[in-house]
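This report refers to the structure that appears directly beneath it.
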Amino acid sequence: MPQYVLVINPGSTSTKLGLFVGKKQVKLVTLAHTTTELAPYATILEQKDFRLQLIHQFLTQQQIALTDLMACVGRGGMMRPIPSGTYAVSSAMLADLRSAKYGEHASNLGAILADAVAKKAGCQAYIVDPVVVDELTPVARLSGEPNWPRRSAFHALNQKAVARQVLAEKGIQYEQADVIVAHLGGGISIGAHQHGRVIDVNNGLDGEGPYSPTRTGHISAMALIDYIYQQQPDKEKLKRMITRQGGLSAYLHSTDVAAAVKKAEAGDQRIALILAGMVYQINKEIAAQASVLQGHVQRIILTGGLAHSQYLTQAITEQISWLAPVTVFPGEIEMQALNAGVQRVSNHETKVKDYQTEAEVLADGRTI
271 MPQYVLVINP GSTSTKLGLF VGKKQVKLVT LAHTTTELAP YATILEQKDF
321 RLQLIHQFLT QQQIALTDLM ACVGRGGMMR PIPSGTYAVS SAMLADLRSA
371 KYGEHASNLG AILADAVAKK AGCQAYIVDP VVVDELTPVA RLSGEPNWPR
421 RSAFHALNQK AVARQVLAEK GIQYEQADVI VAHLGGGISI GAHQHGRVID
471 VNNGLDGEGP YSPTRTGHIS AMALIDYIYQ QQPDKEKLKR MITRQGGLSA
521 YLHSTDVAAA VKKAEAGDQR IALILAGMVY QINKEIAAQA SVLQGHVQRI
571 ILTGGLAHSQ YLTQAITEQI SWLAPVTVFP GEIEMQALNA GVQRVSNHET
621 KVKDYQTEAE VLADGRTI
């Protein structure tokens, strides 16, 4: 009887693969891809067969036959905004991902690879809580310019999974709680979770929120306009400045936070100030999300790679613990979260969702 769930999480230079039986993690590997290996492929989509071959090799090495798989689940990519949940991979979803009309990202391959394996295995393919999860309230969408409504794009998979786990350990159901989750990584997203829905969150890809190791966060619109007219950068250069070369990278010419912390602790006052600025802006965003929840915050959760830094989490906690208890949950549990989404459907705790239906309903509701 098929019992394994195959989890596929494609990154820009790696593919993470996992095998689960129920909630138990059987095997987890990260397959690194060199620049030379990826060089022949002009687009992310062209890497499909290369990565698919590695997945089949992984299954062979683990002595897992395709008929042993009960489901395949991939990381969700850039597609139409949808509410959170577990989605069956569909032709409409695959078409949007293949076209890359909503953005080209390695995660676009998640559903495509899961579908390819599932079809051979004769099982269902899923995605869970993609980056485009959109549960914003109507008022949260307003930006001040009608043609530029705010978009929801954040670390939905990890934020929701960590919140579920932390709250479960406290005997609290995620769907009954009001919490703020701060994912602190190369990018930073801070969400207001109200009874299982992220009703507001900063979109770091659009330049919202605190600066981070790679992103500018909020910057002056006038300064940006002046820069564009004076320097006339091309669009891609400007995007890189805001999403890949901003924040600590711009200040320190490095994204190595551990090295920066070490220098700050050794007495480098400039670096200490820059790190303090990031902490300051993180706490401002957390406090802003608390106002969204009308001050009813049961817990603040710090997660992501930067949460491994006691220097940073201690500084954040000291400044914001007056608002609510702070829990530090370092790193991420994306692979476990993808499996958990499948298990919730398998155990009839929730229903599987249809991509096109949910996207169309959400689009109708977003019209202002």
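Numbering (the numbering used here), first residue to last: 271 to 638. We treat Cβ as the ideally placed atom computed from N, Cα and C, and that holds for glycine.
What's the gap between the Cα of residue i and the Cα of residue j?
| i | j | result |
| --- | --- | --- |
| Tyr499 | Arg510 | 17 Å |
| Tyr450 | Gly355 | For the sequence presented, residue 450 should be read as Ile rather than Tyr. Near 19 Å, if we compare the C-alpha coordinates of Gly355 and Ile450. |
| Gln559 | Gln446 | 18 Å |
| Ala376 | Leu308 | 12 Å |
| Cys342 | Thr583 | 36 Å |
| Ala536 | Leu518 | 18 Å |
| Ala335 | Val291 | 14 Å |
| Gln580 | Gln626 | 43 Å |
| Met410 | Thr306 | It should be pointed out that residue 410 corresponds to Ala in this sequence rather than to Met. Taking the straight line joining both Cα atoms gives about 44 Å. |
| Thr330 | Lys389 | 17 Å |
| Tyr274 | Glu316 | 28 Å |
| Gly344 | Ile544 | 37 Å |
| Gln551 | Asp319 | 43 Å |
| Ile469 | Ala585 | 27 Å |
| Ser413 | Arg421 | 10 Å |
| Asp366 | Gly373 | 10 Å |
| Gly347 | Ser369 | 12 Å |
| Met548 | Asp526 | 14 Å |
| Ala520 | Asn417 | 30 Å |
| Thr300 | Phe424 | 23 Å |
| Glu630 | Ala362 | 12 Å |
| Arg434 | Asp496 | 44 Å |
| Ser482 | Ala530 | 13 Å |
| Tyr311 | Gly474 | 28 Å |
| Lys505 | Gln564 | 39 Å |
For residue i, which residues of its own chain have a beta-carbon under 7 Å away from its beta-carbon, when the five flanking residues on both sides are left out?
| i | result |
| --- | --- |
| Asn472 | Ser459, Ile460, Glu478, Gly479 and Glu555 |
| Arg321 | Pro280, Thr285, Leu379 and Leu383 |
| Gln332 | Leu289 and Lys297 |
| Thr337 | Pro272 and Ala391 |
| Thr587 | Val596 |
| Cys393 | Pro272, Leu339, Met340, Ala341 and Cys342 |
| Ile512 | Gly477, Arg485 and Thr486 |
| Val432 | Val451, Ile571, Thr573, Phe599 and Ile603 |
| His578 | Pro600 and Gly601 |
If contacts are defined as beta-carbon pairs under 8 Å, then residue i and residue j qualify, I think. What distance do you get, rounded to the angstrom?
| i | j | result |
| --- | --- | --- |
| Asp352 | Leu632 | In the sequence as presented, Asp is not what sits at residue 352; that position holds Ile. Their Cβ separation, rounded to whole angstroms, is 6 Å, which keeps Ile352 and Leu632 in contact under 8 Å. |
| Gly456 | Thr484 | 5 Å |
| His566 | Asp385 | About 41 Å; that fails the 8 Å criterion. |
| Ser360 | Asp624 | 7 Å |
| Met349 | Val402 | 6 Å |
| Val622 | Tyr444 | The pair is not a contact, with the Cβ atoms about 19 Å apart (cut-off 8 Å). |
In chain order, what residues of the same chain lie with their CB nearer than 6 Å to the CB of residue i, ignoring the 5 residues before and after it?
| i | result |
| --- | --- |
| Ile288 | The residue you asked about is not Ile; residue 288 is Gly in the sequence shown. Here the set comprises Val277, Leu298 and Met605. |
| Leu427 | Asp399, Glu604 and Ala607 |
| Glu602 | Asn428 |
| Gly575 | Gly455 |
| Thr283 | His303 |
| Lys533 | Ile541 |
With a threshold of 8 Å on Cβ separation, who are the neighbours of residue i within its own chain once the five nearest residues in sequence on each side are excluded?
| i | result |
| --- | --- |
| Leu364 | Ala381, Ile382 and Asp385 |
| Leu508 | Ile498 |
| Thr620 | Gly355, Thr356 and Arg614 |
**OP:** Report the residue ranges of all alpha helix (DSSP H) runs contained in full by the region 511 to 551; include only those spanning at least 4 residues, in chain order.
**Re:** 518 to 522 and 527 to 535
Original post:
Could you give the uninterrupted runs of the beta strand (DSSP E) lying entirely in the region 368 to 415, keeping only those of 3 residues or more?
Top reply: 394 to 398
**OP:** Any chance you could list the alpha helix (DSSP H) runs of at least 4 consecutive residues sitting entirely within the region 419 to 484, in chain order?
**Re:** 426 to 439
Subject >> At least 3 beta-carbon pairs within less than 8 Å: the region 582 to 602 vs the region 312 to 329 >> reply: no
**OP:** Starting from the N-terminal side, write out each stretch of the beta strand (DSSP E) that is 3 residues or longer and does not extend beyond the region 277 to 351.
**Re:** Runs of the beta strand (DSSP E) inside the region 277 to 351: 284 to 291, 294 to 302 and 339 to 345.
Original post:
When the Cβ atoms of the region 594 to 602 are set against those of the region 562 to 581, are three or more pairs found closer than 8 Å?
Top reply: yes
Original post:
Quick one: complete beta strand (DSSP E) runs, 3+ long, within the region 572 to 618?
Top reply: 596 to 600
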